[in-house]
Structure formats: structure tokens, C-alpha cells
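Peer 1: The sequence shown begins at 622 in the working numbering and counts up by one.
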Amino acid sequence: MTDVSFQNQPQEAEASLGDYFALMKPRVMQLVVFTAVVGLLAAPVSVHPVIAFASILFVAIGAGASGALNMWWDSDIDGVMRRTAKRPIPAGKVTADEAKVLGFALSGMSVMMLALSANLLAAFLLAFTIFFYLVIYSMWLKRLTPQNIVIGGAAGAFPPVIGWVIATGSMSVEAWLMFALIFMWTPPHFWALALFMKSDYDDAGVPMLTVTHGRKSTRKHILVYTVPLVILAVATAFTGIGGPVYLAAALVLNALFLKGAYDIWRRDEAQAEADEYKVEKAFFRLSLWYLFLHFGAILTEAILPAAWGIWT
622 MTDVSFQNQP QEAEASLGDY FALMKPRVMQ LVVFTAVVGL LAAPVSVHPV IAFASILFVA
682 IGAGASGALN MWWDSDIDGV MRRTAKRPIP AGKVTADEAK VLGFALSGMS VMMLALSANL
742 LAAFLLAFTI FFYLVIYSMW LKRLTPQNIV IGGAAGAFPP VIGWVIATGS MSVEAWLMFA
802 LIFMWTPPHF WALALFMKSD YDDAGVPMLT VTHGRKSTRK HILVYTVPLV ILAVATAFTG
862 IGGPVYLAAA LVLNALFLKG AYDIWRRDEA QAEADEYKVE KAFFRLSLWY LFLHFGAILT
922 EAILPAAWGI WT
């Protein structure tokens with residue numbers, strides 16, 4: 622493990638509000654907010670708009686807190702990896718201690734306020750998600766096992782369940798189907814990234830599958846995980862959160878995703894290096910749209926009946 626510490630690194634200049642916001646991983650926060658909103662609106666119980674807005678805001682703050690705590694804990698390896706070297710802590714804009722204080726403060730606030738605006742179960746799930754991301758994934762799994770992203774992916778899969786619980790106060794099969802969709806999507810998504818990020822994980826000593834089992838095995842794992850994901854995604858069309866719009870989207874998206882995984886599996890490193898990992902990068906970009914469009918289709922199925930009622 623490369624020993625690089627940013628705990629006491631002097632700041633290059635006074636940190637801006639944007640630097641502290643960057644600690645909260647705004648891109649990840651956007652996905653958390655979107656999937657939580659879908660979970661809330663897909664639930665069979667309506668929520669007052671003010672309560673819904675406040676609750677989603679606190680979920681977003683909780684997600685930002687998780688991001689800040691992750692950057693605090695991973696500050697030693699973030700400076701080693703090209704993909705993360707410009708984050709606020711390794712860039713010398715914010716200290717690791719500041720990120721830690723911000724993360725824990727926002728965690729406590731978001732959980733308490735969600736309990737007040739929604740219900741205790743939603744607050745508990747948010748607290749557990751923050752704990753899972755920091756302790757189970759960041760502190761334990763990430764540097765211990767190539768299964769880090771497989772198990773750790775659960776942290777990113779909880780938001781739609783939290784959204785559902787905000788509305789209903791309870792959990793259901795539909796909520797866990799949305800959880801499973803994100804959970805199964807996460808490994809192929811990140812393994813594709815690991816393939817074309819080349820030596821980043823090797824340099825940081827993170828036991829990603831590409832490091833411990835090699836790139837050929839990683840390509841096989843992407844396909845192996847994609848097959849059950851495709852089955853799950855299409856089958857969801859025939860549940861309470863599915864419908865014809867979702868089915869049409871799922872058939873197209875999963876055909877493309879399965880083909881992309883197959884194309885990755887049949888390539889070797891010589892081919893990939895020759896075209897600068899063109900197929901792997903295309904699959905990674907598709908994976909971003911894959912999740913967004915699936916949840917967009919779930920959202921469409923949820924709001925179509927109400928919209929149809931307005932126009933008829």
C-alpha cells in the first residue's frame with residue numbers, strides 16, 4: 622500500500638464553498654436524489670409536497686456526508702490515483718480533518734431531520750447507508766477484497782428504498798426490486814471503469830478485480846454479472862412498478878447492455894490497447910444511461926396514471 626498522508630498537508634489557499642461542496646461528491650449525490658425521488662413517487666402513497674421536498678433534501682445531505690467521510694478516509698490513496706488526484710484533499714484545498722468534521726456533522730443533521738420530516742424507519746435506513754458506505758465499504762472491504770464493489774455496492778442501492786419508506790413508512794418487494802437493480806448494476810459498471818483506468822488501482826494498492834484476478838477474469842465477471850442483471854431488469858416490467866413503457870425501455874437497454882458485456886468478454890488486452898479501450902469506455906458510458914433510463918421508466922409508469930387523469 623502506498624503510504625501517502627494528507628491529514629496535515631497545508632492548504633494551497635483558503636478553501637472556497639465550491640471546494641467543500643466537491644467533498645460531497647455532487648455527481649453521486651445527483652444519482653442518489655434521483656433514485657430516492659423515483660422510490661418516493663413510485664410508492665402507492667402520496668406525500669405532501671413540502672414533506673417530500675424536505676425529506677429528499679435530507680437524503681441528499683446524507684449522501685453528501687457519506688461522500689465527505691469517504692474522501693476523508695481515502696485521502697491517502699486519492700492522491701495516488703489519476704482519477705481522484707484533483708479531489709479537494711489531495712489537491713491541498715481542504716484538510717482531511719475538515720472533511721471528517723463536515724461529514725460527521727452533516728450525517729447527524731440529515732438523519733435527525735429525516736426522522737422529523739418523514740419517519741424513524743427512513744432515518745434509520747439513511748443512518749445505516751452512511752455507516753455501510755463509510756465502515757463496511759470504505760474502511761473494510763475496499764482495501765481487503767476484490768468483492769469490495771460487489772458487497773459495497775449496496776450503499777448506493779438504498780436510496781430508492783429510503784424514498785419508498787418516506788412515503789409508506791414500510792418496505793415492500795417493489796422497493797427491494799429497485800435496490801436489486803442498482804446492486805446488480807454496480808459491479809459491471811465499476812469493473813468496466815477499472816479496465817480502462819489501467820494502473821490506478823495497482824498504484825493505490827486497492828484489490829480491485831483487475832488487480833487480483835487480472836483483466837481477462839474481469840471481462841468474464843462483467844458478462845457473468847450482466848446476465849442476471851438483464852433477467853432482473855426485464856422481469857421488473859411485470860411487477861407493480863413496471864408496465865409497457867418500462868418494458869419497452871428495458872428490452873432495448875438490456876439488449877444493448879448484454880451485447881456490450883459480450884463484446885468486452887471476447888476482447889483481449891492487445892485489442893483493447895490498440896483502440897484505446899474504445900469498447901470498454903462505450904460500455905461504461907452506456908452503464909450510466911442504463912440506470913438513469915431504467916429509473917426514468919419507473920418514474921414514468923408512476924406518474925402516467927395521474928397525468929392521464931388530468932388530460933381526460
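Beta carbons are placed, not taken as given, at the ideal position from N, Cα and C, and that holds for glycine. It should be emphasised that the depicted structure is a prediction, and the values quoted were computed from it without experimental measurement.
Report yes if the CB atom of Ala726 is closer than 8 Å to the CB atom of Trp693, and no otherwise.
Peer 2: Not closer than 8 Å, so no.
Peer 1: Our contact map puts Trp785 next to Ala664 with C-beta atoms below 8 Å; I'd like the distance itself, whole angstroms only.
Peer 2: Yes, they are in contact, since the Cβ atoms of Trp785 and Ala664 sit about 5 Å apart, within 8 Å.
Peer 1: Excluding sequence positions up to five away, which residues of its chain have a Cβ less than 7 Å from the Cβ of Ala736?
Peer 2: Around Ala736: Ala744.
Peer 1: Buried or exposed: where does Phe859 fall if 16 or more other Cβ atoms within 10 Å of its Cβ makes it buried?
Peer 2: Flag for Phe859 reads exposed.
Peer 1: Have a look at Gly777, Lys902, Gly826 and flag the residue whose alpha-carbon is nearest the alpha-carbon of Ala813.
Peer 2: Checked all of Gly777, Lys902, Gly826; the closest Cα to Ala813 is Lys902.
Peer 1: Would you please state the rounded distance, in angstroms, between the beta carbons of Asp688 and Met645? I believe it to be under 8 Å.
Peer 2: One detail in the question is off: residue 688 reads as Gly in this sequence, not Asp. With a Cβ gap of about 5 Å, Gly688 and Met645 count as contacting.
Peer 1: Is there contact here, the stretch 877-884 with the stretch 829-836, by at least three beta-carbon pairs under 8 Å?
Peer 2: Contact between the stretch 877-884 and the stretch 829-836 is absent, because fewer than three Cβ pairs lie under 8 Å.
Peer 1: As a quick exercise: from Leu816, Ala706, Val855, pick the residue whose alpha carbon is nearest that of Ala876.
Peer 2: The shortest C-alpha separation from Ala876 is found at Val855.
Peer 1: Compare the C-alpha of Leu912 against each of Gly773, Phe800, Ser637, Leu746 and name the closest.
Peer 2: The residue with the shortest Cα to Cα distance from Leu912 is Phe800.
Peer 1: With a floor of 4 residues, list each alpha helix (DSSP H) that falls wholly inside the stretch 639-706, ordered by position along the chain.
Peer 2: The stretch 639-706 contains these whole alpha helix (DSSP H) runs: 647-663, 670-694, 696-699.
Peer 1: When you compare only the Cα positions, how much space is there between Val827 and Trp761?
Peer 2: One C-alpha to the other measures close to 12 Å.
Peer 1: Roughly how many whole angstroms lie between the Cα atoms of Asn740 and Ala673?
Peer 2: Approximately 12 Å, taken between the alpha carbons.
Peer 1: Return the CA-CA distance between Phe904 and Gly864, expressed in angstroms with no decimal places.
Peer 2: Distance between the alpha carbons of Phe904 and Gly864 is about 26 Å.
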